[in-house]
Amino acid sequence: MEWMLMPYRRYADFSGRSRRKEYWMFVLFTFIVAIVCGGLMIAGGLQNEVDGSGQPGGLFWLGVGLLAVWGIGSFIPSIAVQVRRFHDQNRSGWMVLLGFVPYVGGIIVLVFMCLEGTRGANRFGPDPKDPGGVSIFS
Numbered sequence: 009m010e011w012m013l014m015p016y017r018r019y020a021d022f023s024g025r026s027r028r029k030e031y032w033m034f035v036l037f038t039f040i041v042a043i044v045c046g047g048l049m050i051a052g053g054l055q056n057e058v059d060g061s062g063q064p065g066g067l068f069w070l071g072v073g074l075l076a077v078w079g080i081g082s083f084i085p086s087i088a089v090q091v092r093r094f095h096d097q098n099r100s101g102w103m104v105l106l107g108f109v110p111y112v113g114g115i116i117v118l119v120f121m122c123l124e125g126t127r128g129a130n131r132f133g134p135d136p137k138d139p140g141g142v143s144i145f146s
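When we follow our numbering, the leftmost residue of the sequence shown carries the number 9, and every step to the right adds one.
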């Protein structure tokens, strides 16, 4: 759970590096929250079938509200963790803009998010896997 919430602790920190584990745990947390909110929305929509009112139920609007508040609150941390992920690979954080390229941009960013970071310190900071910079073989 610590890895899932770390991007929220580093809310608007666009400097430094983030491990793949931090990024993918944040993505998993995002997916879980979206599933829970979607479940509330479906349950509220099914209530419409039961009472025949033609309007979504209260659970639907609760799900929509929670999803909206959570989405707005998670927008900046999601960009920040992606920028730090690019920094871990010794790439510019501006590469986040590749996601806006139609059709292939999202695939390119997905591939970069799966790649391992550079070993040792780079221009963006120390290695998050080995913050002490200790090398066994040197």
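The beta-carbon is built from N, C-alpha and C at its ideal position, and this holds for glycine as well.
Looking at the unbroken alpha helix (DSSP H) that takes in residue i, where does it start and where does it end?
i, result
"M12", "E10 to R17"
Measuring alpha carbon to alpha carbon, tell me which of the options ends up nearest residue i.
i, options, result
"F94", "G107, S82 and F83", "G107"
"D21", "G47, L74 and F132", "F132"
"Y31", "A88, W78 and A51", "A88"
"K29", "V44, R17 and E10", "E10"
"R18", "R92, Y111 and W102", "R92"
Would you please state the rounded distance, in angstroms, between the beta carbons of residue i and residue j? I believe it to be under 8 Å.
i, j, result
"V104", "Q90", "5 Å"
"R25", "D96", "4 Å"
Tell me the rounded alpha-carbon separation between residue i and residue j.
i, j, result
"E72", "G128", "The question names Glu, yet the displayed sequence has Val at residue 72. Each residue's alpha carbon lies about 44 Å from the other."
"P85", "V35", "11 Å"
"T38", "R27", "17 Å"
"I116", "M33", "20 Å"
"G81", "F120", "25 Å"
"Y16", "F83", "10 Å"
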